[in-house]
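J.:
Residue numbers (the working numbering): -12 to 172.
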């Protein structure tokens, strides 16, 4: 409550009910909220329900995606609800644009799981965006280097890939690798 893909959301709490008792596993590693919500919501389990408490008002006319990955499992058999996504909008419609692709390293064309793929909504070509601010939308690559960002609004966007050495989603260390496409999407 409200239902997945709901519009005109203005509440402070979301309750997602399942038909079995659930537990959360590695939520901090699995959950991707896009666009980022600061401060992060509090997420708890109560029996067969997942409770998401929002700490501040959300942006107007914005579609939010909570991708739980495989973090939600049933209590008794530990079967994951694979790639579970909950999507809602604070506006009149849910954004439906998406981008899919593959990230590979330029020197050997190998792929890697967990590379951040970040979209920055901008009208200015600015290669320093990953230094300066958090992305508007992001995801991580799977084991084959593929990524998919769904429910994004109309751009233009600048896209970056980042092998993040610290969990801050910014390119700010000599131990991190970054790549980008030199045009807007």
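No residue lacks a Cβ here, since even glycine has one placed at the ideal position from N, Cα and C.
Grab me the residues of residue 132's own chain with a C-beta within less than 6 angstroms of its C-beta, minus the 5 sequence neighbours each way, in chain order.
T.: Closer than 6 angstroms at Cβ, skipping near neighbours: 89, 90, 91, 98.
J.: Can you list, in chain order, the stretches of the beta strand (DSSP E) that have 3 or more residues and sit fully within the segment 116 to 145?
T.: DSSP runs (the beta strand (DSSP E)) wholly in the segment 116 to 145: 124 to 127, 133 to 139.
J.: Tell me whether the segment 78 to 89 and the segment 23 to 41 touch, counting them as touching only if at least three CB pairs, one residue from each stretch, are closer than 8 angstroms.
T.: No, the segment 78 to 89 is not in contact with the segment 23 to 41.
J.: From which residue to which residue does the alpha helix (DSSP H) around residue 16 run?
T.: From DSSP, the alpha helix (DSSP H) with residue 16 extends over 14 to 17.
J.: Whole angstroms are fine: how far does the CA of residue 19 sit from the CA of residue 100?
T.: Spanning the two alpha carbons is a distance of roughly 15 angstroms.
J.: Let's test the definition: count the other Cβ atoms within 10 Å of the Cβ of residue 124 and tell me whether it reaches 16, buried, or not, exposed.
T.: The residue in question, residue 124, is buried, as its Cβ has 16 or more Cβ neighbours within 10 Å.
J.: Going by DSSP, what residue range makes up the beta strand (DSSP E) through residue 86?
T.: Residue 86 -> beta strand (DSSP E) spans 84 to 89.
J.: Could you give the DSSP three-state label for residue 20: helix, strand or coil?
T.: Strand.
J.: Output yes or no for whether 8 angstroms exceeds the beta carbon distance between residue 148 and residue 165.
T.: Contact: yes.
J.: Starting from the C-beta of residue 168, find all residues in its chain whose C-beta is less than 6 angstroms away, skip the five residues before and the five after it, and write them out in chain order.
T.: The answer, listed in chain order, is 146.
J.: Nearest-angstrom Cα distance between residue 138 and residue 159?
T.: C-alpha separation (whole angstroms): 28 angstroms.
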